[in-house]
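Novice: The sequence shown: position 2 = -8 (my numbering), numbered continuously.
First the structure, then my questions, so here it is.
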Amino acid sequence: MITMRTLAFLLAAAIPSACAADSQASAALAKAVAAFESNLAKQKHWNWTITETRGLLDKSGKSVVAFPPVTSESVIRSNGRRCNAVTAWGDGREPYMKDADADERCQAYDALGTPFDVAILLKSANAKLQPHTGSTIAIAVLPDKTKLHAPEYAIRCAASIKATIELDPAGYFPVSIEGEVAESGCDSTFVPVVHYETASRQPMVGQFRKGAAFLVKYALQKDRFENPENSYWISVTQHYLQPWNSEAKLLYYWGRQFRVFPNHATHLVKDVKTTAQEFGVGSQLRFDKEP
-9 MITMRTLAFL LAAAIPSACA ADSQASAALA KAVAAFESNL AKQKHWNWTI TETRGLLDKS
51 GKSVVAFPPV TSESVIRSNG RRCNAVTAWG DGREPYMKDA DADERCQAYD ALGTPFDVAI
111 LLKSANAKLQ PHTGSTIAIA VLPDKTKLHA PEYAIRCAAS IKATIELDPA GYFPVSIEGE
171 VAESGCDSTF VPVVHYETAS RQPMVGQFRK GAAFLVKYAL QKDRFENPEN SYWISVTQHY
231 LQPWNSEAKL LYYWGRQFRV FPNHATHLVK DVKTTAQEFG VGSQLRFDKE P
């Protein structure tokens, strides 16, 4: 028979165990934040090419519409900032200002990034260490409802995400982040920038919002000159499955506007693949204009 005293003892014994698990998750995530932020400084040694594909799916997962893929490259502006510019459209459309210098071609300052702030997500206080089943350290992160109305979008959005984060046990870098937007903190509107023809520039609803699912995978790009300080973790693949408004008539990306005719689509799928290349020994960053 379990008495009240026995039950109280069992509960007291269970609480420290749960707290210990949360404490371990917090400690691991703190190391992950440090690894992630330290990795950003190594970006200067690398260049990259990004290929993106987009399409609409119906509720069965069948493709309804395929949009032109787009390829972009990392360029360096005259002030030293990195950004990306389009090099090719899958439908043959000429890239925006393809023969201009980097300052004029620049279109995206964080093309390698994700629609949510990874560092802020890693700082989540609502995390638990998961049972060890593989070669990585797995941590489950739940939404933080106390921050859903924070004034900063990045904080609201990260607080809306439910995810499983896998860390590299050697350096605690987040090698995989898989999850979903479970709350409304990522919902947003934007006024599209259009470099080609346009039918409308009215505010649009962002695609990364409540109901979106994602998988981001990183891979270590080892320094080919055997200098581990220059090795760089890069997001080699990103996959997004996002809710689609069946009444939407337009889709914008990379400065282009695409008309969407009536269909039975329920989701927009987006895949991003990145290929990295290291600068050579003693190479200099070339600027297209003097500061």
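Beta carbons are placed, not taken as given, at the ideal position from N, Cα and C, and that holds for glycine.
DSSP state of D177, grouped into three classes?
Specialist: Indexing the sequence shown from 1 puts residue 177 at position 187. Here D177 sits in coil by DSSP.
Novice: How close, in whole Å, do the beta carbons of Y242 and S225 come, if the pair is a contact with beta carbons under 8 Å?
Specialist: In the sequence shown, the residue the question calls residue 242 occupies position 252. In the sequence shown, the residue the question calls residue 225 occupies position 235. Not a contact, Cβ separation roughly 22 Å.
Novice: What runs of the alpha helix (DSSP H), each 4 residues or longer, lie entirely inside the segment 137 to 178?
Specialist: Runs of the alpha helix (DSSP H) inside the segment 137 to 178: 143 to 149.
Novice: What does V226 pair with, by DSSP beta-bridge criteria?
Specialist: Translated into the one-based positions of the sequence shown, residue 226 becomes position 236. V226 pairs with nothing; no bridge assigned.
Novice: Is it buried or exposed for Y162, if we count other Cβ within 10 angstroms and need 16 for buried?
Specialist: Your numbering for residue 162 matches position 172 in the sequence shown. The residue is buried, with at least 16 neighbouring Cβ atoms inside 10 Å.
Novice: Around the C-beta of P252, are 16 or more other C-beta atoms found within 10 angstroms, so that it is buried, or is it exposed?
Specialist: One-based indexing of the sequence shown puts residue 252 at position 262. Result: exposed.
Novice: Determine the direct distance from the alpha carbon of F26 to that of A109, and round the result to whole angstroms.
Specialist: Your numbering for residue 109 matches position 119 in the sequence shown. Your numbering for residue 26 matches position 36 in the sequence shown. Roughly 7 Å between the two C-alpha positions.
Novice: Spell out the partners DSSP gives K212 in its beta bridges.
Specialist: The residue given as residue 212 occupies position 222 in the sequence shown. According to DSSP, K212 bridges with nothing at all.
Novice: In the DSSP assignment, find the alpha helix (DSSP H) that holds L19 and state where it starts and stops.
Specialist: Taking the first residue of the sequence shown as 1, we reach residue 19 at position 29. It spans -6 to 30 - the alpha helix (DSSP H) in which L19 sits, taken as one unbroken run.
Novice: What is the DSSP secondary structure of A202, reduced to helix, strand or coil?
Specialist: The residue you call residue 202 lines up with position 212 of the sequence shown. Coil, per DSSP.
Novice: According to the neighbour-count rule (16 or more other Cβ atoms, all chains shown, within 10 Å of its Cβ), is Q267 buried or exposed?
Specialist: As a working mapping, residue 267 is identified with position 277 in the sequence shown. Exposed.
Novice: Just how far apart, CA to CA, sit L46 and E216?
Specialist: Position 56 of the sequence shown, counted from the start, is the residue given in the question as residue 46. Position 226 of the sequence shown, counted from the start, is the residue given in the question as residue 216. Answer to the nearest angstrom: the Cα atoms are 44 Å apart.
Novice: Below 8 Å CB to CB, which residues in the same chain sit around A78 once its five sequence neighbours on both sides are set aside?
Specialist: Numbered from its first residue, the sequence shown carries residue 78 at position 88. So the qualifying residues of the chain are V60, T61, P85.
Novice: Check whether the Cβ atoms of F248 and H35 sit closer than 9 Å, and answer yes or no.
Specialist: Here the question's residue 248 lines up with position 258 in the sequence shown. Here the question's residue 35 lines up with position 45 in the sequence shown. Contact: no.
Novice: Across which residues does DSSP place D261 in a beta bridge pair?
Specialist: Taking the sequence shown and counting its residues from 1, one reaches residue 261 at position 271. Answer is T43, H229.
Novice: Counting pairs of beta carbons, one from the segment 86 to 97 and one from the segment 107 to 127, are three or more of them closer than 8 Å?
Specialist: Because the criterion of three Cβ pairs below 8 Å is not met, the segment 86 to 97 and the segment 107 to 127 do not touch.
Novice: To the nearest angstrom, report how far apart Q50 and N235 are at their CA atoms.
Specialist: The residue you call residue 50 lines up with position 60 of the sequence shown. The residue you call residue 235 lines up with position 245 of the sequence shown. Looking at the sequence provided, one finds Ser at residue 50 rather than Gln. Using only the alpha carbons, I get a separation of about 16 Å.
Novice: As a quick exercise: from D93, A15, D81, pick the residue whose alpha carbon is nearest that of G70.
Specialist: One-based indexing of the sequence shown puts residue 70 at position 80. Checking every option, the nearest Cα to that of G70 belongs to D93.
Novice: State the Cα-Cα distance for the pair L210 and Y222, rounded to the nearest angstrom.
Specialist: Against the sequence shown, residue 210 aligns to sequence position 220. Against the sequence shown, residue 222 aligns to sequence position 232. Looking at the two C-alpha atoms, the distance is approximately 6 Å.
Novice: Figure out for me which residue from D81, I167, D12 has the closest Cα to the Cα of P105.
Specialist: Locating residue 105 in the sequence shown gives position 115, where the first residue counts as 1. Looking at the Cα atoms, I167 is the closest of the given residues.
Novice: Checking the sheet assignment: what are the DSSP bridge partners for K118?
Specialist: The sequence position of residue 118 within the sequence shown is 128, counting from 1. Paired residue(s): A130.
Novice: Please confirm if the segment 146 to 166 is in contact with the segment 127 to 138, defined as three or more CB-CB distances below 8 Å between the two stretches.
Specialist: Contact between the segment 146 to 166 and the segment 127 to 138 is present, because at least three Cβ pairs lie under 8 Å.
Novice: Verify whether the separation of the beta carbon atoms of D48 and A255 is less than 9 Å.
Specialist: On the sequence shown, residue 48 is found 58 positions in, with the first residue counted as 1. On the sequence shown, residue 255 is found 265 positions in, with the first residue counted as 1. It is a contact, given that the beta carbons lie within the stated cut-off.
Novice: Return the CA-CA distance between T43 and K52, expressed in angstroms with no decimal places.
Specialist: Here residue 43 is taken as the residue at index 53 of the sequence shown, counted from 1. Here residue 52 is taken as the residue at index 62 of the sequence shown, counted from 1. For T43 and K52, the distance between alpha carbons rounds to 15 Å.
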